[in-house]
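Chemist: The numbering of the sequence shown is the numbering used here, which starts it at 92 and goes up by one. Glycine included, every Cβ here is placed at the ideal spot set by N, Cα and C.
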Amino acid sequence: MSDDPLLVHEDDPYNAETRTSALVGREITPNEAFYVRNHGPMPRLSSEARIRVDGLVERVTEFAAGELADRFESHEVTATLQCAGNRRTGFLDVRDIPGETPWGPGATGTARWRGVRLRDVLAAVGVREGATHVGFTGADLSDAADPPSEFGASIPLAKAMSDEVLLAVEMNGEALPLEHGAPVRVVVPGWIGARSVKWLTRVEVRDAPSDNFFQAVSYRLLPAETDPADAGPGDGISLGPVALNCDILDPATGTEVHAGGVTVRGYAYAGGERIVTRVDVSIDGGESWCQAELLGEADPWTWRLWTCDVTLEPGTTTILARAWDDTAAAQPEHAASLWNPKGYANNSWARVPVRVRPA
Ligand code: MTE
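Here's what the structure looks like:
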């Protein structure tokens, strides 16, 4: 097995997910193991890089990236980032998804993000009447957009004004690494990773969601029968808060284990502002379930790690897991009922086939 904690899907643009062996049992994902999701080449910005705050504001203002931490109070939020394409591989047995990265369960990770509150920056420039959304632009140019454009996104003003949304300058106690958006990135806890814009250059207060390609056209859930090539601005469901999800990290898919007692380990993440309240594990195809032990504390912004001891008989078996949240919602059973042409938001039950050797 590789020692590299990252499984590289693509070099240009650089895209890599965390191997399950590097995710398992860790509340915090180390920077060098944290997944990277890019849509274009990574821009190298200095601390002098400007961040312009404009749109529906009283005073259009530019900050140097390096100046933010001196101008505003520092805050830390421990938050899970999860790509909307996490667990896309679970869709591929249903139908192929051409042109999209086959992310397994490792397009997610949890870090301690430190920075300033977006709300404090907005208060300093003054938000004008009529504002409903806050848009972000990154410095990276992507030719995945049509026409090629910078990566961008937006969130509703109410979320932008919350305690938890940061303009982050540090990740796990270190200066934000290049691949995670240095010198300043947005962190929107509870929302799909695509809204946490890296290499931030612009914050625009708006009266509508961003018209950037990655908000208006991409990162939208299209009906199964749609051809994404025909999708235009506003088509499909705009992805915002993450859907309740979980996956099994150990044993890993397709591995061999010895019969007898086996500890199953994984993560669960409720998304939005919800918390994980229960995780069930089944080794008989969902006929019966045992409840996993939830580790750590319940927190809406972070995943919940869990473990569950099961006894496996020799042969082949598929271990299943499903999470519940504090609205008593549970994950849907089948990927087939969720399949969509861009392969977003696969939150069907976790399924890990294993071979069980006699002890
Ligand atoms: N920001 C910019 N500027 N460019 C990007 O390509 N990718 C987004 C988001 N922010 C992206 C971006 C997506 S889809 C995800 S899932 C997260 O960044 C991933 O953050 P990470 O690479 O730090 O893990």
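#1: Cβ of LEU411 within 9 angstroms of Cβ of GLY377?
#2: Who does HIS425 pair with in a DSSP beta bridge?
#3: Sorted by chain position, which residues of the same chain lie with C-beta nearer than 7 angstroms to ASP400's C-beta, five sequence neighbours on each side aside?
#4: Count the other CB atoms, across all protein chains shown, that sit within 10 Å of the CB of THR111; report buried if there are 16 or more and exposed otherwise.
#5: In whole angstroms, what separates the C-alpha of GLU108 from that of ASP375?
#6: Would you say the beta carbon of PRO104 is closer than 8 angstroms to some non-hydrogen atom of the ligand MTE?
#7: Name the DSSP bridge partner or partners of HIS224?
#8: Taking 8 angstroms as the limit between beta carbons, can you name the residues of its chain near SER253, skipping five residues before and five after?
#9: So, using beta-carbon positions, are GLY331 and VAL288 closer together than 9 angstroms?
#10: How should ASP338 be labelled, buried or exposed, when 16 other C-beta atoms within 10 angstroms of its C-beta is the threshold for buried?
#11: Report the start-end ranges of each alpha helix (DSSP H) in the segment 264 to 335 that is 4 residues or longer and not cut off at the edges.
#12: I want to know whether the segment 182 to 198 touches the segment 149 to 165 - three or more CB-CB distances under 8 angstroms.
#13: Are the segment 312 to 320 and the segment 363 to 371 touching by the rule of at least three beta carbon pairs closer than 8 angstroms?
#14: Is the beta carbon of GLY434 sitting closer than 9 angstroms to the one on PHE182?
#15: Name the two residues that bound the continuous beta strand (DSSP E) containing SER373.
#16: Just grab the DSSP bridge partners of CYS399 for me.
#17: Based on the DSSP secondary-structure assignment, which residues constitute the bridge partners of SER240?
#18: Please find out if some non-hydrogen atom of the ligand MTE comes closer than 8 angstroms to the beta-carbon of ASN129.
#19: Can you tell me whether VAL445 is buried or exposed, with buried defined as 16 or more other CB within 10 angstroms of its CB?
#20: If you measure between the beta carbons of VAL447 and GLU404, is that distance less than 9 angstroms?
Modeler: Here's the rundown:
#1: Sequence index remark: in the sequence shown, residue 411 carries index 320 (1-based). Sequence index remark: in the sequence shown, residue 377 carries index 286 (1-based). It is a contact, given that the beta carbons lie within the stated cut-off.
#2: Position 334 of the sequence shown, counted from the first residue, corresponds to residue 425. Beta-bridge partners assigned by DSSP to HIS425: none are found.
#3: Against the sequence shown, residue 400 aligns to sequence position 309. If we look at ASP400 and ignore the five residues flanking it on each side, its Cβ neighbours are GLY352 and THR354.
#4: Taking the sequence shown and counting its residues from 1, the one referred to as residue 111 is at position 20. It is buried - the Cβ of THR111 has at least 16 other Cβ atoms within 10 Å.
#5: As a first step, residue 108 must be located in the sequence shown, where it is residue number 17. As a first step, residue 375 must be located in the sequence shown, where it is residue number 284. Going by the C-alpha atoms only, they are around 30 angstroms apart.
#6: Here the question's residue 104 lines up with position 13 in the sequence shown. Because some heavy atom of the ligand MTE lies under 8 angstroms away, the Cβ of PRO104 counts as near it: yes.
#7: Translated into the one-based positions of the sequence shown, residue 224 becomes position 133. Answer is PRO247 and ARG297, bridged to HIS224.
#8: Counted from its first residue, the sequence shown places residue 253 at position 162. Closer than 8 angstroms at Cβ, skipping near neighbours: ARG210.
#9: Taking the sequence shown and counting its residues from 1, the one referred to as residue 331 is at position 240. Taking the sequence shown and counting its residues from 1, the one referred to as residue 288 is at position 197. Not a contact, by the Cβ cut-off of 9 angstroms.
#10: Taking the sequence shown and counting its residues from 1, one reaches residue 338 at position 247. Classification for ASP338: buried.
#11: Listed in chain order, they are 304 to 307.
#12: The segment 182 to 198 vs the segment 149 to 165: no contact.
#13: No, the segment 312 to 320 does not touch the segment 363 to 371.
#14: On the sequence shown, residue 434 is found 343 positions in, with the first residue counted as 1. On the sequence shown, residue 182 is found 91 positions in, with the first residue counted as 1. Yes.
#15: Within the sequence shown, the letter at position 282 stands for residue 373. It spans 367 to 373 - the beta strand (DSSP E) in which SER373 sits, taken as one unbroken run.
#16: What you label residue 399 is simply residue 308 of the sequence shown in a count that begins at 1. Answer is VAL355, bridged to CYS399.
#17: Here residue 240 refers to the residue found at position 149 when the sequence shown is read from its first residue. Partner(s): SER233.
#18: For the purposes of this step, residue 129 is taken as residue 38 along the sequence shown, with counting starting at 1. Relative to the ligand MTE, the nearest heavy atom lies less than 8 angstroms away from the CB of ASN129.
#19: As a working mapping, residue 445 is identified with position 354 in the sequence shown. Classification of VAL445: buried, given that the 10 Å Cβ count is 16 or more.
#20: As a working mapping, residue 447 is identified with position 356 in the sequence shown. As a working mapping, residue 404 is identified with position 313 in the sequence shown. Against a cut-off of 9 angstroms, the Cβ pair of GLU404 and VAL447 comes out as a contact.
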